[in-house]
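K.L.:
Numbering (our numbering), first residue to last: 28 to 393.
Take a look at the structure:
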């Protein structure tokens, strides 16, 4: 990974900074959203989950840039963030107007799914504080230039929140690049996010403007198609991977158009059922592909956050200077472990990840 040159730890306050919305996830457990009478509450968010994984599992100094409403619901989110250990130094607290007319905390209702019943999400995040972040709101020169950040991460979920978030994200990325910070981006296409603001066409317009600023691009086949316009041949309407070679061909096309990509990484998932997935990953770096072990019919408890945990495992390995094959293995192992527990975020530790990378079984460890 010679192309990925990180700033020295000694000159940086944080190893990883993520920019994105953090929501409350309301989980009905084994029930359905529309029939349950109680929910478990977790925190989560595509960009935040990556920073949290790097902190809790891998011990990296992590921070998040976000906006949260200052009311009891926002303080509930704050309390959950304390458990995650991610610094809230760059969180903007927004005054509450009394009923959430101007700004609020976003909610994400998510069913885990089981067997033939797929996982299902329902977002309630309109007018959220994070969606109103705009260019000029955050002093990026102070963060990247004075405090120092080694790695900056964000994604297509934050970019799709509003008309102002892409401009804020581009401003952050440009400043990060100015100070030598590595930039990663997870395309994370969500049709529901873009549905009312231009659909795939708008998603592609925004993400193609962002792509030239990215060092490490992350995304699956749907992400690259919907967000960047690279079509994968040989896929059915459900995005089944009929020919992995065609998918790798698409990655080569993406790198050819965006030579700034120092690495491209993706998870490979085939949902046999909601509770059993084939799970693997690929990393493209230095003109070569590196495939993680394919875990067939991996048993899933809660699939949400698996891709984010893949990203944090991958980033950790790259930060540590590990070779590409080891990096993709760390990402795939961490993602697999994250899907064995409820909630969006990881509860794994480094020893568990290393054990899985080395071929360890599910035999009890004591």
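The beta-carbon is built from N, C-alpha and C at its ideal position, and this holds for glycine as well. Remember, it's a predicted structure, so these values are computed and weren't measured experimentally.
Please report the Cβ distance between residue 322 and residue 307, rounded to the nearest whole angstrom; I am assuming they are in contact, meaning their Cβ atoms lie under 8 Å.
P.N.:
7 Å
K.L.:
Can you tell me which of the three DSSP states residue 148 falls into?
P.N.:
Reduced to three states, the DSSP call for residue 148 is strand.
K.L.:
Which parts of the region 167–231 are runs of the alpha helix (DSSP H), unbroken and 4 residues or longer, counting only runs that do not cross its ends?
P.N.:
183–186, 192–205, 218–221
K.L.:
Kindly give me the distance between the Cβ atoms of residue 191 and residue 161, rounded to whole angstroms, as I take these residues to be in contact under 8 Å.
P.N.:
4 Å
K.L.:
Quick check: what's the CA-CA separation for residue 157 versus residue 356?
P.N.:
33 Å
K.L.:
With a threshold of 7 Å on Cβ separation, who are the neighbours of residue 104 within its own chain once the five nearest residues in sequence on each side are excluded?
P.N.:
49, 51, 70, 95, 132
K.L.:
In chain order, what residues of the same chain have a beta carbon less than 7 Å from the beta carbon of residue 239, not counting five sequence neighbours either side?
P.N.:
285, 287.
K.L.:
If you follow the beta strand (DSSP E) that residue 83 is part of, which residue opens it and which one closes it?
P.N.:
Where residue 83 is concerned, there is no enclosing beta strand (DSSP E), although the alpha helix (DSSP H) it sits in stretches over 73–83.
K.L.:
By DSSP, does residue 282 sit in helix, in strand, or in coil?
P.N.:
helix
K.L.:
Measure the alpha-carbon distance for residue 63 versus residue 126 and round it to whole angstroms.
P.N.:
25 Å
K.L.:
In this structure, does DSSP put residue 366 in helix, strand or coil?
P.N.:
coil
K.L.:
Between the C-alpha atoms of residue 31 and residue 57, what's the straight-line distance to the nearest angstrom?
P.N.:
Note on geometry: alpha-carbon atoms of residue 31 and residue 57 lie some 43 Å from one another.
K.L.:
Ordered along the chain, which non-local residues of its own chain (more than five positions away) have a Cβ less than 6 Å from that of residue 215?
P.N.:
73, 182, 183, 184
K.L.:
Quick check: what's the CA-CA separation for residue 241 versus residue 89?
P.N.:
20 Å
K.L.:
Give, in chain order, every unbroken run of the beta strand (DSSP E) that is at least 3 residues long and sits entirely within the region 97–152.
P.N.:
114–122, 134–138, 147–151
K.L.:
Going by C-alpha distance, which of 218, 209, 198 is nearest residue 150?
P.N.:
218
K.L.:
On the criterion of 16 or more Cβ atoms from any shown chain inside 10 Å, does residue 328 qualify as buried, or is it exposed?
P.N.:
By the neighbour-count rule (16 or more Cβ atoms within 10 Å), residue 328 is not buried but exposed.
K.L.:
When the Cα of residue 278 is compared with those of 317, 305, 193, 300, which residue comes out closest?
P.N.:
317
K.L.:
Starting from residue 245, follow the beta strand (DSSP E) in both directions and report where the run begins and ends.
P.N.:
243–245 is the span of the beta strand (DSSP E), which, as asked, contains residue 245.
K.L.:
Any Cβ of chain C within less than 9 Å of the Cβ of residue 50?
P.N.:
Reference to chain C is not applicable here, since this structure consists of a single protein chain.
K.L.:
For residue 359, which residues from the same chain have a beta carbon less than 8 Å from its beta carbon, with the 5 sequence-adjacent residues on both sides left out?
P.N.:
For residue 359, where only same-chain residues beyond five positions count, the Cβ hits under 8 Å are 294, 306, 307, 308, 319, 320, 322, 337, 340.
K.L.:
Using the Cβ count rule (16 or more neighbours within 10 Å means buried), how would you classify residue 248?
P.N.:
It is buried - the Cβ of residue 248 has at least 16 other Cβ atoms within 10 Å.
K.L.:
Would you call the region 108–118 and the region 131–146 touching, i.e. three or more CB-CB distances under 8 Å?
P.N.:
no
K.L.:
Taking 7 Å as the limit between beta carbons, can you name the residues of its chain near residue 39, skipping five residues before and five after?
P.N.:
175, 176, 177
K.L.:
Please classify residue 36: does DSSP put it in a helix, a strand, or coil?
P.N.:
helix
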